[in-house]
Every structure is written in structure tokens, then in C-alpha cells.
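Report on one structure; see the data block that follows.
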Amino acid sequence: MIGYLESMLLIAGIFALLAQGLNLHWGFTGLLNFGHVAFFAVGAYTMGILKTQFDVPLLPSFLAAMVASTLLGVIVALPAIRLRADYLAIVTITIGEIFRLILKSAPGVTDYTRGPRGIRGFSNEFYFFRDDIGLGFLSPDQYLMLVVWTTVAIVGLLLWVLIKSPWGRVLKGIREDEDAVRALGKNVTAYKLQSFALGAAIGGLAGVYFAMSIGSLAPDTYLPIITFQAWTIMMLGGSASHWGPVVGSIIFWAIFNGTLYIPREFLSGAEAAYLRQIGIGALIMAIMIFRPQGILGNREEMVLDR
Amino acid sequence: MVEDVRKSFGGVAAVDGATLAVEPGRITALIGPNGAGKTTLFNVVTGFYRPDSGSIVFDGESIAGKRPHAIARRGLVRTFQLTKALAKMTVLDNMMLAAPSQTGEKLFAAWVLPWAIRKQEKANREKAMELLELFDLADKRDDYAATLSGGQRKLLELARALMMEPRMILLDEPMAGVNPTLGARLMEHVGRLRDEGMTFVLVEHDMDVVMRVSERVIVMANGRVITEGSPEEVRQNRQVIDAYLGAGGGAVEEAIDEVFEERHGG
């Protein structure tokens with residue numbers, strides 16, 4: 000049971016972080032990003048490649064991962080940000096897939112990513128580091144969990160301050176009507192770009208932790224399903240609510256992993272695996288019907304939608 | 000000051016060589032039948048559309064082809080035909096958003112300059128509340144803008160534009176969908192601001208309003224300016240009546256009726 004809680008809370012923390020980035024894009028700026036997994040992947044791969052092939056120390060490799068995902072965010076955003084809603088969604092979902100295929104099979108790139116064989120052996124320094132800071136009594140999972148949830152808390156607070164600031168007010172304005180905000184003298188494109196880049200950086204960091212948790216990198220881990228899991232988490236918790244991603248992620252993973260603990264007398268492993276998909280699906284439907292604003296979302300704002 | 004501006008969409012020349020000048024400190028009305036290119040011209044002047052050719056000068060500077068936010072910052076501010084109140088933001092937030100050059104609008108500033116931002120926010124809030132008082136919206140400050148009536152939204156849009164301390168405001172059909180009482184109040188505000196030196200251009204179909212508030216009327220048809228003058232002159236201009244007639248359609252006939260009513264009744 001403890002083991003279940005630990006592994007559940009670990010993955011929940013990582014996805015809470017991923018969804019926090021997405022929440023900045025969609026919840027607060029209204030950018031329909033369906034390629035979030037690309038930032039998750041670029042963060043993970045940047046760290047993995049720098050550690051295994053260039054022997055870069057821990058902290059710089061983490062920072063580089065965030066910088067790389069920020070850069071990818073900007074590169075994706077520059078052409079895509081001019082598109083509205085559904086068109087942006089189409090472009091971003093494509094970019095996520097293109098990026099995965101590049102990691103997997105692009106000549107030149109695979110010299111570093113090792114294509115489908117993937118990368119391993121980048122996580123030792125991270126785990127050994129816990130002895131240096133006197134946390135040697137924690138198991139690797141517990142230690143990673145602590146790091147992840149500390150990050151979630153810090154990112155949550157930093158975002159909370161940003162969203163409450165005039166900067167956040169501009170983003171909300173853009174979400175409502177970007178032409179109106181343009182007419183008020185704000186450089187809408189620049190704000191969208193900043194939001195996209197910052198959310199991408201957070202996604203990249205989540206990717207680093209995810210790579211640490213599984214200890215290896217393989218391109219086919221980064222399927223679009225990860226983006227949609229992050230979306231589900233955000234919708235469950237309530238988009239545009241500060242702590243929605245956290246609550247959504249815990250509920251999502253409690254259900255998703257919980258089915259593993261159904262005794263075999265009742266359901267076979269395969270059946271349990273289907274049950275969790277059904278469970279998540281039913282939960283999304285229930286939320287959309289009874290609480291469309293999400294668990295922590297603002298009912299009043301939802302009702303105002305035309 | 001607009002000279003020979005052209006803008007076409009596909010093969011349709013929406014604005015086809017329009018030339019006009021607006022006098023500072025006056026209320027100028029831009030009228031014309033539907034499809035005359037009035038709103039397109041607004042969009043070109045405020046940077047929402049790029050002109051195909053022609054020059055636009057505001058306050059001695061060329062603004063043709065500049066981006067909307069850059070033009071707004073220069074003091075040339077617009078409102079929209081369909082009001083763009085930011086529905087899921089409070090009335091006060093709508094106002095605060097419009098305040099120019101805010102430190103806190105820069106990314107990360109909120110983390111490093113909280114005190115400077117707080118001070119600026121306080122000043123902006125005071126300014127916003129003053130304007131809201133003036134526009135009778137002060138008690139709505141914490142309501143979502145979506146809950147306002149059509150007329151109140153138009154008032155909010157004008158008040159919000161004033162937060163930017165503009166020198167010239169373009170009003171796109173300010174009276175559309177506004178009840179007469181609020182409409183009259185809106186026009187009182189426009190008149191008062193004009194007395195304080197603000198320049199206004201309004202696109203308006205309500206001829207009664209045009210004749211009453213504007214000091215100069217510019218008439219557009221088929222993407223060109225066909226005539227301009229005082230309301231009195233325009234009212235008696237045969238070309239104007241022809242323009243409305245030539246365009247055809249029910250809405251147009253209504254507008255003509257209004258012009259004629261003005262002529263005989265007013």
C-alpha cells in the first residue's frame with residue numbers, strides 16, 4: 000500500500016508539474032496546445048544527452064533542459080502563435096509527433112539520442128546527490144518525490160504571483176479577446192510567446208523528473224497520450240485554477256494506478272487495465288456534466304461562457 | 000490625416016483611395032451606406048488591417064502599416080462595433096488592464112519589483128475608479144463585464160479607452176444596441192471630452208445622433224469619400240442621397256428616411 004502511494008504520488012507530482020505548464024498556456028492564456036509532450040521530451044533528452052555524452056554536472060544539465068524546452072517553445076510559437084484556437088491545436092499536435100520521430104530516426108540526431116535504443120545511465124548523480132544533502136535515509140523514489148513536490152510547490156507559488164500581477168491580467172485579457180487587448184496597446188504576440196515559452200520550460204523540467212523516475216529515455220515513451228493525460232488532469236482539476244493541476248493529477252493517478260491493486264480473483268490484469276481507461280473516461284464525463292469548471296474551477300466564470 | 004488609402008480583399012476594393020483629414024478637438028462623423036468601407040477604414044487606420052497603399056499620418060507621424068498596439072500607444076485608440084468587453088474579467092480589471100506602460104506587465108517583474116508594482120497598481124486603481132464614478136459604473140467594479148447591459152458595455156469601453164490617455168478616439172457605431180437613455184449619456188461624455196480637447200471620429204448609422212453631435216461629417220460610398228462638410232451641408236447634398244439610394248437594400252432606405260426626416264422635421 001505504501002509502495003502504491005509512493006509511486007502514485009511520484010507520477011502525480013510529475014504530471015502536476017506538466018499540467019501547470021499547460022494550465023499557463025490554456026487556462027490563463029487560452030492557447031490550445033496539443034503538443035505539450037514535445038517539451039516534456041526535449042527536457043528529458045537534453046538532460047540525458049548532456050549527462051551521458053558530455054558529462055555535464057547535475058544542475059547545469061537541469062538548467063539546460065529548461066533552456067532547451069524554452070527555446071523549442073519559442074521556435075514552435077513563432078509561426079504557430081499567429082494561429083487561432085483549433086489551428087494552433089492542429090499545428091502543435093503535429094509538432095509533438097514530428098519531434099518524437101526526429102528523436103527516433105532523424106540521421107545525425109540519432110547519434111545523440113541513439114534512436115529507438117534510447118539512453119540510460121544518466122540518473123546516478125541525481126540519486127547519489129541525496130547523500131550529500133543528508134537525505135540518504137530516503138529511498139530513491141521518496142527522494143525524487145520530495146524533489147518533485149517541492150518543485151510543484153515553488154512553481155505553483157511563482158505562477159500564482161505572476162498570474163495575480165498585471166502580466167497575468169494581460170494574459171487573461173488575451174484569453175477573452177485578443178483584438179480588444181491589442182486595441183488597448185498591448186503587444187499580444189509577445190505575451191503569447193512569453194506564456195508559451197514559460198509553460199514549455201515547466202514542461203521541460205517535468206520531463207527531466209519523468210526521465211529520472213524511469214531511469215531511461217526512449218522516443219516512444221513520448222506519445223501524444225502524454226499530452227492528453229496532462230489535458231485530462233487540467234480539466235479534472237479545473238483549468239485556470241492555480242492548484243487544479245495538483246488536485247487533478249492526484250485523482251487521475253489514484254484511479255489510473257489504483258486498478259493494479261484489484262485482486263486477481265475479480266479481474267485479470269488485462270481487464271483491470273481496461274477498467275482504468277473506463278474509470279478515467281467515466282470520471283471526465285461526470286466532471287463535464289456535473290462540474291464543467293473542474294474540481295477547483297470557478298463556477299461563475301464557466302456560466303458566463305456564451 | 001488619411002491620404003489615398005486602399006485596401007482590398009480578393010477582388011473587392013473595400014477602401015478604394017480614401018482621402019480625408021480630421022480636425023483635432025472636434026467630433027467628426029463618418030457615414031455612408033453599408034459596405035461603404037467605413038469599418039474597413041477604421042481597421043486600416045488602427046493597424047488591424049495593413050493598407051495596400053496610401054499614407055496615414057497621426058500627429059505628424061506616419062502610422063500606416065504599424066501594428067495595432069503601437070498605434071494605440073501613440074494615443075489613437077478605437078472601440079469596436081460589437082463591444083469587446085473582456086467578459087470574464089471584472090469591470091475594474093477591464094479598466095486596470097488598459098492603463099499604459101505598467102511595470103508589472105513585464106514577465107518576471109512581479110517577482111522582483113513587487114513594491115513598485117503595488118504602488119503603480121494603487122495609482123491606476125484610483126484613476127480607474129475616478130473614471131468609473133464618472134461613467135456611473137463604480138458600483139459594478141467587482142462584477143464580471145459579461146453581466147453588464149449592452150449600453151453599459153459601450154460606456155465601459157469608452158471609459159477603458161480613456162484609461163490609456165488617448166488624444167483621439169475612433170468610435171465604431173457607439174449607439175448600436177444601446178438604449179436611448181444610456182446612448183444620450185454616452186454622447187454627453189463624448190461632448191464633454193471634446194470640450195476638454197479630445198478628438199473623436201465616429202461611424203454611426205443613427206442620423207439623428209450624427210446630425211446632433213458632430214461638427215463635421217464625412218460621407219463614404221464604395222470605398223471613397225464622396226463629400227464632406229458641416230452636418231447642414233451634408234444633409235442637403237444630393238450626392239449623399241444618391242449614394243444611399245444607389246446602394247439599395249432595406250437598411251439603406253431606412254437611413255434615407257432618417258435623412259429626409261431630419262431635413263423636414265428637424
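Taken in sequence, the protein lines are chains A and B. Heads up, the final residue of the first sequence is numbered 305 in numbering that gives the first Met the number 0, and it's a clean run with no missing numbers. Heads up, the final residue of the second sequence is numbered 265 in numbering that gives the first Met the number 0, and it's a clean run with no missing numbers. Glycine is no exception: its CB is placed at the ideal position from the N, C-alpha and C atoms. Keep in mind that this is a model prediction, so the values were computed, not measured.
Any beta-carbon of chain A closer than 8 Å to the one on residue i?
{"i": "Gly265 of chain B", "result": "At Gly265 of chain B, the pLDDT of 40 sits below 50, so the modelled position is not reliable and the matter cannot be decided from this model."}
{"i": "Gly248 of chain B", "result": "Reliability of the predicted coordinates at Gly248 of chain B is poor, the pLDDT of 46 falling under 50, and no value is obtained from them."}
{"i": "Arg193 of chain B", "result": "no"}
{"i": "Trp110 of chain B", "result": "yes"}
{"i": "Ala115 of chain B", "result": "no"}
{"i": "Ala63 of chain B", "result": "no"}
{"i": "Glu231 of chain B", "result": "no"}
{"i": "Ala71 of chain B", "result": "yes"}
{"i": "Arg184 of chain B", "result": "no"}
{"i": "Glu164 of chain B", "result": "no"}
{"i": "Pro67 of chain B", "result": "yes"}
{"i": "Lys121 of chain B", "result": "no"}
{"i": "Lys105 of chain B", "result": "yes"}
{"i": "Phe47 of chain B", "result": "yes"}
Residues of chain E with a CB under 9 Å from the CB of residue i: which are they?
{"i": "Arg116 of chain A", "result": "Going by chain labels, chain E is absent from the structure shown, which instead holds the protein chains A and B."}
Using C-beta distances below 6 Å, list every residue in its chain close to residue i, excluding the 5 sequence neighbours before and after it, in chain order.
{"i": "Ser240 of chain A", "result": "Leu295, Gly296"}
{"i": "Gly117 of chain A", "result": "Ser215, Leu216, Ala217"}
{"i": "Glu156 of chain B", "result": "Thr78, Thr82"}
{"i": "Ile62 of chain B", "result": "Ile55, Ile70"}
{"i": "Val245 of chain A", "result": "Ala15"}
{"i": "Tyr111 of chain A", "result": "Ile48"}
{"i": "Val108 of chain A", "result": "Ile101"}
Return the chain-ordered list of same chain residues with a C-beta closer than 7 Å to the C-beta of residue i, the five sequence neighbours on each side being excluded.
{"i": "Val154 of chain A", "result": "Leu16, Gln19, Ile201"}
{"i": "Lys65 of chain B", "result": "Gly46"}
{"i": "Leu112 of chain B", "result": "Thr102"}
{"i": "Asn178 of chain B", "result": "Gly150"}
{"i": "Arg275 of chain A", "result": "Ile254, Phe255, Thr258"}
{"i": "Arg305 of chain A", "result": "Confidence in Arg305 of chain A is poor, its pLDDT being 47 and thus under 50, which makes the residue's placement unreliable; the coordinate value appears in the next sentence. Answer for Arg305 of chain A: no residue qualifies."}
{"i": "Lys37 of chain B", "result": "Leu29, Gly31, Val202, Met219"}
{"i": "His24 of chain A", "result": "Leu30, Asn32, Ser194, Phe195, Gly198"}
{"i": "Gly265 of chain B", "result": "Because Gly265 of chain B carries a pLDDT of 40, less than 50, the predicted location of this residue cannot be relied on, and the following value inherits that uncertainty. Excluding residues within five positions, the ones whose Cβ falls inside 7 Å are Met210."}
Since residue i sits in a beta bridge, which residues does DSSP pair it with?
{"i": "Glu60 of chain B", "result": "B:Phe57"}
{"i": "Ile168 of chain B", "result": "B:Val76, B:Phe199"}
{"i": "Met219 of chain B", "result": "B:Val224"}
{"i": "Ile118 of chain A", "result": "A:Leu216"}
{"i": "Ile26 of chain B", "result": "B:Phe199"}
{"i": "Tyr143 of chain B", "result": "B:Thr89"}
{"i": "Ser240 of chain A", "result": "The partner list for Ser240 of chain A (beta bridge, DSSP) is empty, contrary to what the question assumes."}
Tell me the residue span of the alpha helix (DSSP H) that contains residue i.
{"i": "Ile80 of chain A", "result": "Counting along the chain, Ile80 of chain A falls outside any alpha helix (DSSP H), and DSSP gives it neither H nor E."}
{"i": "Phe38 of chain A", "result": "36-53"}
{"i": "Asp307 of chain A", "result": "Within the shown structure, residues of chain A are numbered from 0 to 305, placing residue 307 of chain A beyond reach of any answer."}
{"i": "Arg329 of chain A", "result": "As displayed, chain A neither begins before 0 nor continues past 305, which places residue 329 of chain A out of reach and without an answer."}
{"i": "Ser6 of chain A", "result": "1-21"}
{"i": "Tyr142 of chain A", "result": "139-163"}
{"i": "Ala108 of chain B", "result": "108-111"}
{"i": "Gln151 of chain B", "result": "149-162"}
{"i": "Asp135 of chain B", "result": "First-last for Asp135 of chain B: undefined, no H or E at that position."}
{"i": "Ala179 of chain A", "result": "177-182"}
Contact criterion: CB-CB distance below 8 Å. Does residue i meet it with respect to chain B?
{"i": "Asn186 of chain A", "result": "yes"}
{"i": "Gln19 of chain A", "result": "no"}
{"i": "Glu300 of chain A", "result": "yes"}
{"i": "Lys191 of chain A", "result": "no"}
{"i": "Arg168 of chain A", "result": "yes"}
{"i": "Gly172 of chain A", "result": "yes"}
{"i": "Glu270 of chain A", "result": "no"}
{"i": "Asp140 of chain A", "result": "no"}
{"i": "Arg181 of chain A", "result": "yes"}
{"i": "Glu124 of chain A", "result": "no"}
Excluding the 5 residues preceding and the 5 following residue i in the sequence, name in chain order all residues of the same chain whose CB lies nearer than 8 Å to its CB.
{"i": "Val224 of chain B", "result": "Ala17, Thr18, Leu19, Ile217, Val218"}
{"i": "Ala86 of chain B", "result": "Tyr143, Ala144, Ala145"}
{"i": "Tyr208 of chain A", "result": "Gly12, Ile13, Leu16, Leu143, Val146, Val147, Thr150"}
{"i": "Thr89 of chain B", "result": "Arg140, Asp141, Asp142, Tyr143, Ala144"}
Any residues in the segment 152-165 of chain A with a beta carbon nearer than 8 Å to a beta carbon of chain B? Which ones, in chain order? Leu157, Val160, Leu161, Lys163, Ser164, Pro165
Between the segment 124-139 of chain B and chain A, which residues of the former have a C-beta closer than 7 Å to a C-beta of the latter? Along the segment 124-139 of chain B, there is no position whose C-beta sits under 7 Å from a C-beta of chain A.
Residues in the segment 17-45 of chain B with C-beta within 8 Å of chain A's C-beta atoms, listed in sequence order? Thr45
Residues, ordered as in the chain, of the segment 86-114 of chain A that lie near chain B by beta-carbon distance below 7 Å: Listed in sequence order: no entries.
Which of the residues in the segment 84-98 of chain B, read from start to end, lie with their CB under 9 Å from any CB of chain A? Ala84, Leu85, Ala86, Lys87, Met88, Asp92, Asn93, Met95, Leu96, Ala97, Ala98
What residues in the segment 255-269 of chain A bring their beta carbon closer than 8 Å to a beta carbon of chain B? none
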